[in-house]
Amino acid sequence: MPGSFSHPFSDTSLWNTRIDSLNPTYTDASTVQNVQFRDASLANSWLQTDLTPYNTPSTAPTATWSFDTLNTTGVGGTFSSNGTIQLQTPTDLKFTDGGDGWAVFTSPDGVHSWEVWGGSYDAATHTYHAAYLVENDVVNGTGWGQPDTGTGVGIRAAGASLLGGLVTQDELNSLSIQHALGIELDTHQLAAASGSTNAGQFVFPAVTADGDSAASYTGTIPMGAHFALPPDLDLAAAGLTPEGLALAKAYQTYGGYVVDMAGHTTALAQVEATPEQQAHLFADVDWIRDHLVMTVDHGSGASNTAPQTDPIAQSDSVQTDTQQAAAPADVAGGTTPAPADTGSDAAMTQNALDETPTADAATSVDQPQFEPAEATSQTIPNGDVMDARGWGHHHAGRGMGAALASLLEGSGKADPNQISIPDSQANEHAAHQFAAAMAHSAVATDGEGAHSAGTMPTGVDAAFAHHHAFWHAW
Numbered sequence: 001m002p003g004s005f006s007h008p009f010s011d012t013s014l015w016n017t018r019i020d021s022l023n024p025t026y027t028d029a030s031t032v033q034n035v036q037f038r039d040a041s042l043a044n045s046w047l048q049t050d051l052t053p054y055n056t057p058s059t060a061p062t063a064t065w066s067f068d069t070l071n072t073t074g075v076g077g078t079f080s081s082n083g084t085i086q087l088q089t090p091t092d093l094k095f096t097d098g099g100d101g102w103a104v105f106t107s108p109d110g111v112h113s114w115e116v117w118g119g120s121y122d123a124a125t126h127t128y129h130a131a132y133l134v135e136n137d138v139v140n141g142t143g144w145g146q147p148d149t150g151t152g153v154g155i156r157a158a159g160a161s162l163l164g165g166l167v168t169q170d171e172l173n174s175l176s177i178q179h180a181l182g183i184e185l186d187t188h189q190l191a192a193a194s195g196s197t198n199a200g201q202f203v204f205p206a207v208t209a210d211g212d213s214a215a216s217y218t219g220t221i222p223m224g225a226h227f228a229l230p231p232d233l234d235l236a237a238a239g240l241t242p243e244g245l246a247l248a249k250a251y252q253t254y255g256g257y258v259v260d261m262a263g264h265t266t267a268l269a270q271v272e273a274t275p276e277q278q279a280h281l282f283a284d285v286d287w288i289r290d291h292l293v294m295t296v297d298h299g300s301g302a303s304n305t306a307p308q309t310d311p312i313a314q315s316d317s318v319q320t321d322t323q324q325a326a327a328p329a330d331v332a333g334g335t336t337p338a339p340a341d342t343g344s345d346a347a348m349t350q351n352a353l354d355e356t357p358t359a360d361a362a363t364s365v366d367q368p369q370f371e372p373a374e375a376t377s378q379t380i381p382n383g384d385v386m387d388a389r390g391w392g393h394h395h396a397g398r399g400m401g402a403a404l405a406s407l408l409e410g411s412g413k414a415d416p417n418q419i420s421i422p423d424s425q426a427n428e429h430a431a432h433q434f435a436a437a438m439a440h441s442a443v444a445t446d447g448e449g450a451h452s453a454g455t456m457p458t459g460v461d462a463a464f465a466h467h468h469a470f471w472h473a474w
């Protein structure tokens, strides 16, 4: 049966496939992946609530969109760079998710949707811009990337559509969620690389991971991993709220897939909810998280064909670089703890369980590439440091936000216009993330900068560098 914007993708999509048709194996709660998934010292339990899909009426005006990268492969097209396109656009369209600038809206035909990352609106010219713009088929598509090419169909780090797993207001009102959920994890939970590429860091149905995953992920859970509540778990006896029970039933019937990274956050779903519904869901999210386990040995039964070999890692490209950090303020008004030390890189390089499938070799696509940067200390103009510091305070309590604020506070430089931050001041985690953020911030302003670990973009615009500068660091 075809899908719709309110219930996207075909009924054979993994987003709409019941667990019992996959015949999976439920892993033991003591496996390292499940232990890390539940570890509250690594990430807070959370739900994302900031995405509002827009239905575009047939009377909507046509607007000019400029883009850095356009991906229409999900509807039989290709990639385009640095162009413009005319799209009927809702007049009330707003961009969400902080600096990531997300938006999702339909075409008036009801068949296609548009996903935006790095979106902005110029009121003076009445035009829009997207760093990355993706067209998708919500009726006949799967909402997952192509495993044979490694090409994504959405702005999620896994190459999945942003609509995949979205819990709508109507679903919460009816207390019926008939699809899988989307999960976001912290870098301390996501699978570390076994080498210099992201091979082994993602499993089917994911087709890729974040662009800097080989340097930033330090855990054991691969992108694309499937988590579910065991079928023998008695949900009726758990004392959940009506909304929490609906979410738990979805996890027991369909499960959820790891699709993105969120700083110090284990987000179990993207939901449209009233304040009361949010309060009910947050009351139950810890219980649901503590009972989820990773599943492996999936059978056939879905339209996506399981790939056979490890992928050739893609370079850091616009479409794969979609990690977003939620700002998980404690719903009770408390603060968010900093990530715990997860040990050395060597201790954290265990990949997913042997039974987990891997992905086919990915062919290259014409997209912006990243190149290694020279290893130096980084000097950042004061204005950019203050901007970064502001974001650090906004994400107060998070590991990198706190590290950023403390390093800036303690720099003690006499020159108010320049603040030098040598790499030696960065801790084990910040050595890559913080220094990379500073380098990318410099790229956004004057095209200069370097860091001592990982890579930095060249030839990319300020919005894309801004994404690396602030979101990757958290």
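Sequential numbering of the sequence shown, starting at 1, is according to this note's numbering.
Note that the Cβ used here is the ideal one computed from N, Cα and C, for glycine as well.
- For Y251, the enclosing alpha helix (DSSP H) covers residues P242 to T253.
- Judged by DSSP secondary structure, D122 falls within the beta strand (DSSP E) whose first and last residues are H112 to D122.
- The Cβ atoms of M261 and E184 sit closer than 8 angstroms to each other.
- Its Cα nearest to that of F5, the residue G165 stands out among G211, D68 and G165.
- Taking 8 angstroms as the upper bound for CB-CB distance, T84 and A60 are not in contact here, some 18 angstroms apart.
- When rounded, the separation of the alpha-carbon atoms in H129 and A267 is 28 angstroms.
- Here the stretch 88 to 103 makes no contact with the stretch 31 to 41; the two share fewer than three CB pairs at distances below 8 angstroms.
- Rounded to the nearest whole angstrom, the C-alpha separation of H126 and T64 is 8 angstroms.
- Here DSSP, grouped into helix, strand and coil, assigns N34 to helix.
- Ranked by how close their Cα comes to the Cα of W287, the residues F95, Y251, T142 and G145 have Y251 in first place.
- By the Cβ-count criterion, P147 is buried, with 16 or more other Cβ atoms from all chains shown falling within 10 Å of its own Cβ.
- For V207, the number of other beta carbons within 10 angstroms of its own is at least 16, and it is reported as buried.
- DSSP lists A267 as the bridge partner or partners of W46.
- Check the Cα spacing between T69 and each of K94, G152 and P275: the tightest is with G152.
- Residue environment: N140 is assigned as exposed (fewer than 16 neighbouring CB atoms within 10 Å of its CB, all protein chains considered).
- In its chain, beyond the 5 residues on either side, G3, F5, P8 and S113 have a beta carbon closer than 6 angstroms to the beta carbon of V138.
- Distance from the CA of L292 to the CA of L229, rounded to the nearest whole angstrom, comes to 5 angstroms.
- Fewer than three pairs of CB atoms, one per stretch, sit closer than 8 angstroms, so the stretch 193 to 207 makes no contact with the stretch 18 to 33.
- N55 is classed as exposed because its beta carbon has fewer than 16 other beta carbons within 10 Å across all chains shown.
- When DSSP states are grouped into helix, strand and coil, S66 belongs to the strand group.
- Counting along the chain, Q278 sits inside no beta strand (DSSP E); it lies in the alpha helix (DSSP H) bounded by residues P275 to H291.
- Looking from the CA of V32, the closest CA among Y121, Q178 and Q189 belongs to Q189.
- A279 sits away from L47, with the two beta carbons spaced by 8 angstroms or more.
- Of the residues N16, T12 and S107, the one whose Cα lies closest to the Cα of G182 is N16.
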